[in-house]
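> Dumping the structure here so I can ask a few things about it.
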Amino acid sequence: MPELPEVETVRRALAKEIVGKTIKEICIFYPKIIEDVEQFKQCMLNETIHSVDRRGKYLLIVLKHWTIVSHLRMSGKYFITDTNQVYSKHVHVMWTFHEGSILQYEDVRKFGRFIVLSNKDVIPYFEHKKLGVEPYFDTFSIERFKKDLQKKHQMIKVVLLNQHVVAGLGNIYVDEVLYQSRIHPMRVASDLNESEVEQLHYHIISIIQAAIQAGGTTIRDYSSLGEQGNYQTKLCVYGQTGKACLFCGHTIEKIIVGQRGTHICSHCQRMTN
DNA sequence: CGTCCCACCTGCATGC
DNA sequence: TGCATGCAGGTGGGAC
């Protein structure tokens, strides 16, 4: 699933379902995805969900004293059910609330992770990770972005996938942003000119915003909590290999950049001018 | 610090 | 059908 728009969509749905509820029981079927299983159980039992927040692609389930950091990685999903029947054979964690409903965490590939932090350690945790700013107008400064990119002698796609400069972009939205900005993913970040950086900045903010409004992108997917997104119908380049470029009609190609499948129009996105 | 490569897992599409 | 291969919306670690 999850880049920022999908995680944000899950966050909103999860918040509606679980905020104010109190945890009665926790069943863990696959402990490896949890950093400290004992602490995870103890800190949640009989505690009330205060809020569900998000930082980049991380979900934050906030209790009175503790925060559960949940990263969905490639295939993590949440479901709400009204019985304690497991939703699928890939459900690894299940929470029962005193109020009745059940929260289930499913993760086919088992890449997702849970970490418990005391509330005061949440901000330092992300600082230590060097997690970049949220890609919103009021948090993502163009001046700062220009300075950060000048320091990066890496391919721009690699810089945007790495969460240090700006948080939340993944393979889909990076391809979409670079395409709309007419920038080749293998261009070196520090070589981009001022107007190219401005294009990038604008498209990062607007594509992320549009995708959140659409409820995220749903590909090869069942409906995870909150995830009936329809941004997949708005994708212009990701997954469009062999189709015509919307701008010039040239065929969309798939290449490898930084070990990731990458979709481009090689006519609109040039390495050289 | 940047760049590769690999690891973590399972399921699905493709090709023989 | 069976089997091998490659691919998938992510991150973190080790080696050079």
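Each residue of the first sequence is one higher than the last, beginning at 12 in our numbering.
Even glycine gets a Cβ: it sits at the ideal position worked out from N, Cα and C.
Quantities reported herein were computed from a predicted structural model and do not represent experimental measurements.
#1: Tell me which residues share the same chain as histidine 8 and place their Cβ nearer than 7 angstroms to its Cβ, disregarding the 5 neighbours each side in the sequence.
#2: How should aspartate 159 be labelled, buried or exposed, when 16 other C-beta atoms within 10 angstroms of its C-beta is the threshold for buried?
#3: Using CA coordinates, which residue listed in Lys32, Val208 and Gly260 is at the minimum distance from phenylalanine 108?
#4: Please confirm whether valine 177 and glycine 226 have their CB atoms less than 7 angstroms apart.
#5: According to DSSP, what are the bridge partners of cysteine 303?
#6: Beta-carbon within less than 6 angstroms of leucine 171's beta-carbon, same chain only, minus the 5 sequence neighbours each way: which residues are those?
#7: Nearest CA to the CA of proline 13: which residue from Gly240, Ile79, Gln53 and Glu154?
#8: Report buried or exposed for cysteine 256, applying the criterion of at least 16 other Cβ atoms within 10 angstroms of its Cβ.
#9: With DSSP run on the structure shown, which of helix, strand or coil describes lysine 88?
#10: Start and end of the alpha helix (DSSP H) containing serine 217?
#11: So what does DSSP say about aspartate 93, is it helix, strand or coil?
#12: Do isoleucine 29 and methionine 55 have their C-beta atoms within less than 7 angstroms of each other?
#13: Would you kindly work out how many angstroms separate the C-alpha atoms of histidine 212 and phenylalanine 156, rounded to a whole number?
#14: Do tyrosine 41 and the ligand SAM come close, with the Cβ less than 6 angstroms from some heavy atom?
#15: Here's a check: name, in chain order, each residue in its chain whose Cβ is nearer than 8 angstroms to the Cβ of isoleucine 267, leaving out the five neighbours to either side.
#16: Sort Lys245, Tyr116, His214 and Ile215 by Cα distance to threonine 228 and report the nearest one.
#17: According to DSSP, is isoleucine 275 part of a helix, a strand, or is it coil?
#18: Measuring alpha carbon to alpha carbon, tell me which residue in Arg193, Arg22, Glu209 and Gln224 is nearest isoleucine 263.
#19: For the alpha helix (DSSP H) that contains phenylalanine 125, what are its first and last residues?
Let me spell this out:
#1: Only positions 12 to 284 of the chain appear in this structure, which leaves residue 8 out of reach.
#2: Position 148 of the first sequence, counted from the first residue, corresponds to residue 159. Burial is judged here by how many other beta carbons sit within 10 angstroms of a residue's own beta carbon; aspartate 159 has at least 16 and is buried.
#3: Residue 108 sits at position 97 when you count from the first residue of the first sequence. Residue Lys32 is the option with its Cα nearest to phenylalanine 108.
#4: In the first sequence, the residue the question calls residue 177 occupies position 166. In the first sequence, the residue the question calls residue 226 occupies position 215. Not closer than 7 angstroms, so no.
#5: Residue 303 falls outside the range modelled here, since the chain spans only 12 to 284, and no answer is possible.
#6: By 1-based counting over the first sequence, the position of residue 171 is 160. So the list reads Leu180 and Val185, once near-sequence residues are dropped.
#7: On the first sequence, residue 13 is found 2 positions in, with the first residue counted as 1. It is Gly240.
#8: Here the question's residue 256 lines up with position 245 in the first sequence. Buried.
#9: For the purposes of this step, residue 88 is taken as residue 77 along the first sequence, with counting starting at 1. Strand at lysine 88.
#10: Counting from 1 along the first sequence, the entry for residue 217 is found at position 206. Serine 217 -> alpha helix (DSSP H) spans 205-224.
#11: On the first sequence, position 82 is the one that residue 93 refers to. Coil at aspartate 93, not helix or strand.
#12: For this step, residue 29 is matched to residue 18 along the first sequence. For this step, residue 55 is matched to residue 44 along the first sequence. No, they are not a contact pair.
#13: Position 201 of the first sequence, counting from 1, holds the residue named residue 212. Position 145 of the first sequence, counting from 1, holds the residue named residue 156. Computed Cα separation, rounded: 8 angstroms.
#14: No copy of the ligand SAM occurs in the structure displayed, which carries no ligand at all.
#15: Sequence index remark: in the first sequence, residue 267 carries index 256 (1-based). Result list for isoleucine 267: Thr273, in chain order.
#16: Mapped onto the first sequence, residue 228 falls at position 217. Per the Cα distances, Lys245.
#17: Within the first sequence, residue 275 is the residue found at index 264, counting from 1. Residue state, collapsed to three classes: strand.
#18: Taking the first sequence and counting its residues from 1, one reaches residue 263 at position 252. Each of Arg193, Arg22, Glu209 and Gln224 was checked against the Cα of isoleucine 263, and the nearest Cα belongs to Arg193.
#19: Translated into the one-based positions of the first sequence, residue 125 becomes position 114. Not the alpha helix (DSSP H): phenylalanine 125 falls in the beta strand (DSSP E), residues 124-129.
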